[in-house]
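In our numbering, the protein residues as written are 455 to 586.
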């Protein structure tokens with residue numbers, strides 16, 4: 455497989471993941487709020503994206519300092535907000551990070567950090583399309 459073929463496959467997979475995230479968020483807002491209007495999508499996407507960055511930073515700083523309480527608290531908050539807007543996969547990653555924090559398991563946290571960052575990058579791209 456050539457580099458070009460691999461790039462096209464990865465791009466297609468990423469685009470599919472982004473579309474899936476958009477669908478999950480729209481469906482969740484319709485179910486929970488009864489509203490998936492562009493205004494509601496803009497508001498919820500803005501709030502989530504604004505809140506997620508410091509929480510992810512808190513998780514990474516907590517990991518660097520082996521501060522498992524900080525990791526647990528940030529992962530728990532991020533898990534809740536992501537689940538609320540239908541980001542089930544991200545919520546599951548946050549749950550794994552939270553579990554690692556509760557159990558003082560640096561290895562479990564370190565295994566999840568790359569997935570957390572990769573998934574967040576896709577979420578950020580997907581939710582940015584909702585911003586007005």
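Don't be surprised by glycine CBs; every beta carbon is placed ideally from N, CA and C.
query                                                                                                                             : result
C-beta atoms of residue 471 and residue 566 nearer than 7 Å                                                                       : no
Segment contact, 8 Å Cβ cut-off, at least three pairs: the stretch 485-499 with the stretch 541-548                               : no
Segments of 4+ residues assigned as alpha helix (DSSP H) that fall wholly inside the stretch 499-545                              : 522-538
Residue 534 classed as buried or exposed, judged by whether at least 16 other C-beta atoms fall within 10 angstroms               : exposed
The stretch 495-504 touching the stretch 576-585, judged by at least three CB pairs closer than 8 Å                               : yes
Three-state secondary structure (DSSP) of residue 585                                                                             : coil
Chain-order list of residues whose beta-carbon lies under 6 Å from that of residue 495 (same chain, five-residue window excluded) : 584
Close Cβ partners of residue 538 (< 8 Å) along its chain, the five nearest in sequence each way excluded                          : 482, 486
Exposure label - residue 586; buried when at least 16 CB within 10 Å                                                              : exposed
Minimum Cβ-Cβ distance from residue 546 to chain C less than 7 Å                                                                  : Absence of chain C from the displayed structure is noted, only one protein chain being present.
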